[in-house]
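Novice: Residue 1 is where the sequence shown starts when you use the UniProt record's numbering, and the numbers rise one by one after that.
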Amino acid sequence: MRSCWQLVDAVTDATRHPAFRRYDLRGRAGSGPEQLSSPFATALGQALAIELGERRRQRFYLGRDQRLTSPALAAALAEGLVSSGCNVVDLGAVPTPMVNFAIQNDPDCAGGAMVTASHNPPSDNGFKLYFGQAVATAEQLQRLAQSVQSASFSPARGGRLQRGEISARYLDRVVADLTDSAPLRPRHIVIDTANAVAAPFARQLFERLGMRLTVLNGEVDGHFPGHPPNPADPANLAQLRAAVVAERAELGLAFDGDADRLVAVCGEGNIVWPDRLLMLFAQQLLARQPGASVVYDIKCSQQLAALVAEAGGVAAQCQTGHAFVRRAVAQHQAALAGEFSGHFFFPDRWYPFDDGLYAGARLLQLLDQRGCSLQQAVAELPQSYSSDEILVPVADSEKFAVMEQFIAQARFDSAQINLLDGLRADFAHGWGLVRASNTGPALTLRFEAQTSAELNTIQQQFAQQLRPHLTHIDEYLPVCL
Numbered sequence: 001m002r003s004c005w006q007l008v009d010a011v012t013d014a015t016r017h018p019a020f021r022r023y024d025l026r027g028r029a030g031s032g033p034e035q036l037s038s039p040f041a042t043a044l045g046q047a048l049a050i051e052l053g054e055r056r057r058q059r060f061y062l063g064r065d066q067r068l069t070s071p072a073l074a075a076a077l078a079e080g081l082v083s084s085g086c087n088v089v090d091l092g093a094v095p096t097p098m099v100n101f102a103i104q105n106d107p108d109c110a111g112g113a114m115v116t117a118s119h120n121p122p123s124d125n126g127f128k129l130y131f132g133q134a135v136a137t138a139e140q141l142q143r144l145a146q147s148v149q150s151a152s153f154s155p156a157r158g159g160r161l162q163r164g165e166i167s168a169r170y171l172d173r174v175v176a177d178l179t180d181s182a183p184l185r186p187r188h189i190v191i192d193t194a195n196a197v198a199a200p201f202a203r204q205l206f207e208r209l210g211m212r213l214t215v216l217n218g219e220v221d222g223h224f225p226g227h228p229p230n231p232a233d234p235a236n237l238a239q240l241r242a243a244v245v246a247e248r249a250e251l252g253l254a255f256d257g258d259a260d261r262l263v264a265v266c267g268e269g270n271i272v273w274p275d276r277l278l279m280l281f282a283q284q285l286l287a288r289q290p291g292a293s294v295v296y297d298i299k300c301s302q303q304l305a306a307l308v309a310e311a312g313g314v315a316a317q318c319q320t321g322h323a324f325v326r327r328a329v330a331q332h333q334a335a336l337a338g339e340f341s342g343h344f345f346f347p348d349r350w351y352p353f354d355d356g357l358y359a360g361a362r363l364l365q366l367l368d369q370r371g372c373s374l375q376q377a378v379a380e381l382p383q384s385y386s387s388d389e390i391l392v393p394v395a396d397s398e399k400f401a402v403m404e405q406f407i408a409q410a411r412f413d414s415a416q417i418n419l420l421d422g423l424r425a426d427f428a429h430g431w432g433l434v435r436a437s438n439t440g441p442a443l444t445l446r447f448e449a450q451t452s453a454e455l456n457t458i459q460q461q462f463a464q465q466l467r468p469h470l471t472h473i474d475e476y477l478p479v480c481l
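1) Under DSSP, the alpha helix (DSSP H) around MET403 begins and ends at which residues?
2) Is ALA19 closer than 8 Å to LEU62 when the C-beta atoms are compared?
3) For the pair the region 190-199 and the region 159-171, tell me if three or more CB-CB distances fall below 8 Å.
4) To the nearest angstrom, how far is the alpha carbon of ALA93 from that of VAL197?
5) Starting from MET114, follow its DSSP beta bridges and name the residues at the other end.
6) So which of ALA156, GLU54, ALA136 has the shortest CA-CA distance to residue 483?
7) Name the DSSP beta bridge partners of ALA134, please?
8) In angstroms with no decimal places, state the Cα-to-Cα distance between SER83 and ILE390.
9) For GLY222, I'd like the list of residues in its chain whose CB is within less than 7 Å of its CB, leaving aside the five on either flank, ordered along the chain.
10) Within the continuous beta strand (DSSP E) that includes ASP172, where are the two ends?
11) ALA305 and GLN283 - do their beta-carbons sit closer together than 8 Å?
12) Please work out which residues of its chain come closer than 8 Å, Cβ to Cβ, to GLY226, disregarding the five sequence neighbours upstream and downstream, and give them in chain order.
13) Any idea which residues DSSP pairs GLU293 with across the strands?
14) Mapping DSSP to helix, strand and coil, what is ILE298?
15) So who's on the other strand from TYR385, going by DSSP bridges?
16) Which class does HIS188 belong to by DSSP, given the choice of helix, strand or coil?
17) Going by Cα to Cα distance, which pick from ASP354, GLU79, GLN162 is closest to ALA259?
18) Taking Cβ to Cβ, would you say PHE345 is nearer than 8 Å to VAL325?
19) Within this structure, are the beta carbons of GLY342 and LEU285 separated by less than 8 Å?
20) Drop a sphere of 10 angstroms on the beta-carbon of ALA41, count the other beta-carbons inside from all chains shown, and report buried for 16 or more, exposed for fewer.
21) Would you list the one or two residues that DSSP bridges to THR444?
22) Spatial neighbours of LEU36 within its chain, please: C-beta separation below 6 Å, excluding the five flanking residues on both sides.
23) Skipping 5 residues on each side, what residues in its chain have a beta carbon closer than 6 Å to that of ALA102?
24) In its own chain, which residues sit with a C-beta less than 6 Å from the C-beta of LEU364, not counting the 5 before and 5 after it?
25) Of the residues THR96, PHE412, ALA453, which one's Cα is nearest the Cα of ALA202?
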């Protein structure tokens, strides 16, 4: 059986720029030939114009995060687009959901781009690309990579660059959606914006929703002095957890570098991982829309599908990655979707894109409607033992080959093997997963079981199978005696 990770198109072609990945571009920003430079961004803009074809004259929305290299890369991308006949609307420094909001509210637009590396280190940067209202496909990225590589661009009648403003419309729309039936109950919450681009907008949003705020890392700073902007790493939630307890707040909300992801902390300081939040959102949705479809990624809890089915819904599993989730939402006409990293989609009454800010506001509304605290709501969910997301460093040039060898040789005789995205082995009382990361040089591992003993057993089965391919695996999955 062929697994989807083998369809890596431009990513594994050594002749192409290494920034091209499965659904976006990411890499080290700099002036080197394999780095994200201004000349590269200009060439990418010209390649985008070729791919857009006749649509290039329609509006193309451009946003950027606060990384130190983002202004220059955004300007160079715009230069390439405009010189090739595109009409670019520069939205400035805004979170990714605002770029998506602009695109979704302009059905005739050519597409858009967000200059961001999301949760990656400060030295990195990247591009999220959209054609029309859809995320760039692997085939489109492959053609872009080939165009950038060939550098054969024909001059075109120049387009134009204009400034645009989207934040006020976006915030007005979110507030209207969340307060249409009733205002939210005022709560004391802590938000951690990780010194990232969403900081001022998150403060405005939750203040307008009536919350009493304690803000952590609220100064925009591309060095990320507070901590890396990745809420999926428990180490980056330590400050938030401590603040929630110290401030006696009801809950905490953590956002990533471009605010399309959310992780929550309950009033007791415990992390509520996104697959648990997705269970809560699914219960709320299915109580009013029985039979609705809920999409979740392969890293989510084994209990999620059972909960959705028990609540009268249809659960659909998909590959990890916001672009794959977004396409699965369209395929299944889903009313709700999410993935373990914190991307949430609410097509039931919002837009079909991932939005951490809106997800945080929806969580507050959910708690109002349930009349309980976050910890009380989570306590009613099925319980299990699970690992954090474990990242094992493996070079981008090697990780797919390692996965190919592992899948060919691994044996889990008592498990049901799932090759949708890497290798997931589902046992009677738990599961384990190994897959190649889409966003960095690593393999991603995750495990879940009904008891701690079963969790250790599954982890050690995977460690045994991985040792021939990863000699350092025991540093990440130590033997549990």
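Glycine included, C-beta positions come from ideal geometry on N, C-alpha and C.
Specialist: Result, derived from the coordinates:
1) 396-409
2) no
3) no
4) ALA93 and VAL197 have their C-alpha atoms some 7 Å from each other.
5) GLY63, LYS128
6) Since the first residue of the chain shown is 1 and the last is 481, residue 483 is not available in this structure.
7) PHE131
8) 44 Å
9) GLN66, ARG67, LEU68, PRO122
10) From DSSP, ASP172 is part of no beta strand (DSSP E) but of the alpha helix (DSSP H) over 167-179.
11) no
12) ASP192, ALA194, ASN195, LEU216, ASN217, GLN239
13) Note on residue identity: the sequence assigns Ser, not Glu, to residue 293. Answer is VAL314, bridged to SER293.
14) coil
15) TYR385 is bridged to ALA449.
16) Strand.
17) ASP354
18) yes
19) no
20) buried
21) LEU391, ARG435
22) ALA19, GLY27, ALA29, ASN125
23) TYR61, ILE166
24) LEU184
25) THR96
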